[in-house]
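Numbering follows the working numbering, in which position 120 of the sequence shown is assigned residue number 428; successive positions increment by one, without gaps.
C-beta: ideal position from N, C-alpha, C; glycine also.
Since the structure comes first, as structure tokens, the remarks are kept for the end.
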Amino acid sequence: MSIRTYKGNAPKRGANTYIDPSAVVAGDVTLGDDASIWPLVAARGDVNRIQIGARTNVQDGTVLHVTRRSSQLPDGYPLIIGEDVTIGHHCMLHGCVLGNRILVGMGAIIMDGVVIEDDVFIGAGTLVPPNKRLESGFLYVGNPMQKKRPLKDSEIAFLKQSAVNYVELKNDYLAEG
Ligand SMILES: CC(C)(COP(=O)(O)OP(=O)(O)OC[C@H]1O[C@@H](n2cnc3c(N)ncnc32)[C@H](O)[C@@H]1OP(=O)(O)O)[C@@H](O)C(=O)NCCC(=O)NCCS
309 MSIRTYKGNA PKRGANTYID PSAVVAGDVT LGDDASIWPL VAARGDVNRI QIGARTNVQD
369 GTVLHVTRRS SQLPDGYPLI IGEDVTIGHH CMLHGCVLGN RILVGMGAII MDGVVIEDDV
429 FIGAGTLVPP NKRLESGFLY VGNPMQKKRP LKDSEIAFLK QSAVNYVELK NDYLAEG
């Protein structure tokens, strides 16, 4: 079974969400309406919580995890992902906060304490080191990441369109039964 309860916390799903049967979603994980979780994703809300906003898609092979609370870090690092976010294939998001309309390129790694403002594009393979803040309206690429340039209007429009595309795609999958 791919949707698992941990210490009494069962994943909570909004309306019309899609979780692929091969994904593992465990513990304190909340999915907003129309969110989608694609094949082989692992989302483990065990030592802290994971929140995934409406219409956000988490693509194949991505790992979502969190950092536990401690005396030095009373809240730990939960993972909070906003609305209309696209997380590409095979990413690693750990204990960070993402705003709305963000694209995380394939294979990106985002570490504890990072905050990403609304309308940000993260290139494929980018490494975002702990506790960085990424500014709204910019493209970031590289390992470690660099602020590359302001986004074009077409790219800002694509951030929302990508989420729309994935809502349509998951509706097709839901219709397959
Ligand atoms: C970042 C990205 C948007 C670049 O688009 P672009 O319009 O070609 O970029 P630009 O032309 O403005 O910049 C190109 C420069 O950045 C470099 N670059 C492009 N993508 C890069 C990346 N992911 N990491 C590091 N450098 C990158 C190019 O080599 C080039 O370098 P140069 O100026 O030294 O020649 C694109 O390459 C990318 O990573 N898209 C992510 C796609 C994805 O993962 N989607 C989710 C899955 S569905």
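The Cβ-Cβ distance between residue 467 and residue 410 falls below 8 Å.
The criterion of a C-beta distance shorter than 8 Å is satisfied by residue 332 and residue 350. In this structure, the straight-line span from the alpha carbon of residue 345 to that of residue 460 is close to 28 Å.
CA-to-CA, the gap between residue 421 and residue 405 works out to about 7 Å. If the five residues before and after residue 367 are omitted, its C-beta is found closer than 7 Å to the C-beta atoms of 346, 395, 396 and 397, all from its own chain and listed in chain order.
For residue 315, the three-state secondary structure derived from DSSP is coil.
In the three-state reduction of the DSSP assignment, residue 367 falls in the coil class. Assignment of residue 440 by DSSP, reduced to helix, strand and coil, places it in the coil class. Checking the 7 Å criterion, the Cβ of residue 366 is out of range of every heavy atom belonging to ligand 1. The secondary-structure analysis by DSSP pairs residue 466 with nothing; it has no beta-bridge partner. Secondary structure of residue 473 (DSSP, three-state): helix. A check of alpha carbon separations from residue 369 across 330, 354, 430 and 356 identifies 330 as the nearest.
By the Cβ-count criterion, residue 475 is buried, with 16 or more other Cβ atoms from all chains shown falling within 10 Å of its own Cβ. Looking from the CA of residue 325, the closest CA among 334, 343, 353 and 311 belongs to 343. Note on residue 471: 16 or more other CB atoms within 10 angstroms of its CB, so buried under the neighbour-count rule. With 16 or more other CB atoms across the displayed protein chains lying within 10 angstroms of its CB, residue 436 is buried.
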